[in-house]
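Below is one structure, written out as structure tokens; the observations come after it.
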Amino acid sequence: MLKVLGIRKVIFGGSLRIFGWKGSENHFGKVTLSRPDRDLNNLIIGSLVYCEQQSPNWVYEPTLFVRQFDYENFLCTLLLPHNCRTSAFAIRAFNIEVARVQDQISDARIGQMRLKFWEDVIESIFQNKAHKHPVALELHRASKKHKLSKRYLKRLITARSNQLNISSFPDLEAMEVYSEGSVSSVNYLLLETAGVENVHADHAASHLGKAQGISNILRSVFHNIQHNVVALPQDVLLKHSVSHETVLRAECNKALIEVFFDIANRAKQHLAKARSLSKQVPKPAHILFLPATAVDAYLERLRRTHFNAFDPSLQQRNTLLPLFLYWNKFISKY
Numbered sequence: 001m002l003k004v005l006g007i008r009k010v011i012f013g014g015s016l017r018i019f020g021w022k023g024s025e026n027h028f029g030k031v032t033l034s035r036p037d038r039d040l041n042n043l044i045i046g047s048l049v050y051c052e053q054q055s056p057n058w059v060y061e062p063t064l065f066v067r068q069f070d071y072e073n074f075l076c077t078l079l080l081p082h083n084c085r086t087s088a089f090a091i092r093a094f095n096i097e098v099a100r101v102q103d104q105i106s107d108a109r110i111g112q113m114r115l116k117f118w119e120d121v122i123e124s125i126f127q128n129k130a131h132k133h134p135v136a137l138e139l140h141r142a143s144k145k146h147k148l149s150k151r152y153l154k155r156l157i158t159a160r161s162n163q164l165n166i167s168s169f170p171d172l173e174a175m176e177v178y179s180e181g182s183v184s185s186v187n188y189l190l191l192e193t194a195g196v197e198n199v200h201a202d203h204a205a206s207h208l209g210k211a212q213g214i215s216n217i218l219r220s221v222f223h224n225i226q227h228n229v230v231a232l233p234q235d236v237l238l239k240h241s242v243s244h245e246t247v248l249r250a251e252c253n254k255a256l257i258e259v260f261f262d263i264a265n266r267a268k269q270h271l272a273k274a275r276s277l278s279k280q281v282p283k284p285a286h287i288l289f290l291p292a293t294a295v296d297a298y299l300e301r302l303r304r305t306h307f308n309a310f311d312p313s314l315q316q317r318n319t320l321l322p323l324f325l326y327w328n329k330f331i332s333k334y
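In my numbering, the protein residues as written are 1 to 334.
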């Protein structure tokens, strides 16, 4: 019915139509809600439909890049207000670029060179020199528009750089430090795009980022063992007498279940803390913290598998997530 690339206008027949990705990139599932038509420049739920905007290259390329590599945050970003959505996509695309470096190289020195490229890009942006890379161009525009903090962008690079030579974490605290640098920094930047300056919002952003980062590491366990990588905290593995070989063989015995439970419990604690601050967090920031919904949904699915992170059902997309996100946006909850 629709082609993502080259889309110019979307005409709704008296209702807003919600599209969720299904199967291949060119197939859509459709839900229709009875509502009055709105301006076609508005973006509808769950990622659904993109209408013409000022920067066609950005809409048709980096946005799809985010969808491909960070689907859940893609859904969350699509629901942001128009004034910060494009900049939020620029930030997420940049984060994906630096995050993918470790997966694309076998030699840490090459990884450092690639990250150095992005460090140079950040320096050029803050010297008001545009770079030709499409993500760099959009990040430059976002930085000029919202006066983004250089330190948060550099933290994203530093967090990845520090992990290039390390395949695992010594303890849960190290995992939290990594999550603060690699995920919470994105949340701080998103707050800047919305013009939110509030200590409680920063506090919530920090805890949410840690919950996201820890749950992401849990979610990547199955992927990592395909590459003989065990990124789980060593102190938790030792506590339950679980060897790397057990993890690599995906032998989900009682001891490994306890490992997954302890890690998930730490993520849940950070999520609960972020949500406990919701009354003190300014309302405009609530929508920026929609990823909390995705984290909660994953942890609940993990609980239903009795904390078996290798369960095949966890490798499938949560088809209800777009509706959960839209509902939480509607009631201003995260």
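The beta carbon of each residue, even a glycine, is placed where N, CA and C say it ideally should be. Since the model is a prediction, treat every value here as computed from it, not as a measurement.
{"Asked": "Backbone CA spacing between R8 and A174 [nearest angstrom]", "Found": "Any reading at R8 is ruled out, since the residue's pLDDT is 30, under 50, leaving its predicted position unreliable."}
{"Asked": "Buried/exposed call for A201, threshold 16 Cβ in 10 Å", "Found": "buried"}
{"Asked": "Residue from P312, V199, L218, S182 with nearest C-alpha to G209", "Found": "S182"}
{"Asked": "Cβ neighbours of H270 in the same chain (closer than 6 Å, five flanking residues each side left out)", "Found": "H207, K210, A211"}
{"Asked": "Sequence-distant residues of the same chain with beta carbon closer than 8 Å to S332, five excluded per side", "Found": "K283, H286, I287"}
{"Asked": "Check whether K150 and F169 have beta carbons under 8 Å apart", "Found": "no"}
{"Asked": "F169 - DSSP class collapsed to helix/strand/coil", "Found": "strand"}
{"Asked": "Exposed unless 16 or more other CB atoms sit within 10 angstroms - verdict on E72", "Found": "buried"}
{"Asked": "As assigned by DSSP and simplified to three states, the class of P81", "Found": "coil"}
{"Asked": "Chain D contact for I157 (CB, 8 Å cutoff)", "Found": "This model lacks chain D altogether, as it is built from one protein chain only."}
{"Asked": "Host alpha helix (DSSP H) of K239 (start-end)", "Found": "234-239"}
{"Asked": "Stretch-stretch touch, CB-based, cutoff 8 Å, three pairs: the stretch 155-163 with the stretch 112-124", "Found": "yes"}
{"Asked": "Coarse secondary structure for P312, derived from DSSP in three states", "Found": "helix"}
{"Asked": "Length at least 4, wholly inside the stretch 97-172: the alpha helix (DSSP H) runs in chain order", "Found": "108-125, 134-146, 150-163"}
{"Asked": "Proximity to R100 [Cα-Cα], best of A88, S87, V66", "Found": "V66"}
{"Asked": "Pair within 8 Å by beta-carbon distance, A255 and V242", "Found": "yes"}
{"Asked": "Nearest-angstrom Cβ-Cβ length linking L172 and V221, presumed shorter than 8 Å", "Found": "Contact flag wrong, Cβ pair sits at about 15 Å."}
{"Asked": "P312, buried or exposed, once every other Cβ within 10 Å from all chains shown has been counted against 16", "Found": "exposed"}
{"Asked": "Environment of A272 [buried if 16+ CB atoms lie within 10 Å]", "Found": "exposed"}
{"Asked": "Of the listed residues L290, N95, I166, Q112, nearest to L153 (C-alpha basis)", "Found": "N95"}
{"Asked": "Segment limits, alpha helix (DSSP H) that includes H286", "Found": "283-286"}
{"Asked": "Where the alpha helix (DSSP H) through N224 begins and ends", "Found": "221-225"}
{"Asked": "Alpha-carbon to alpha-carbon, L248 and E300", "Found": "24 Å"}
{"Asked": "Residue from Q226, L80, S215, H146 whose Cα sits closest to the Cα of E197", "Found": "H146"}
{"Asked": "Local Cβ density within 10 Å of Q280, reported as buried at 16 or more and exposed below that", "Found": "exposed"}
{"Asked": "Nonlocal neighbours in the same chain, by C-beta distance under 8 Å from R92, ignoring five residues either side", "Found": "V66, D70, N73, F74, T77, V186"}
{"Asked": "Contact set for S143: own chain, Cβ-Cβ below 6 Å, skip 5 residues either direction", "Found": "I125"}
{"Asked": "For C84 and A250, believed in contact at Cβ under 8 Å, the rounded distance", "Found": "The Cβ separation is near 41 Å, so there is no contact."}
{"Asked": "As assigned by DSSP and simplified to three states, the class of A231", "Found": "coil"}
{"Asked": "Which of helix, strand or coil DSSP assigns to G181", "Found": "helix"}
{"Asked": "Local conformation of C252 per DSSP, three classes", "Found": "coil"}
{"Asked": "Distance between S87 and V98 (C-alpha atoms, nearest Å)", "Found": "17 Å"}
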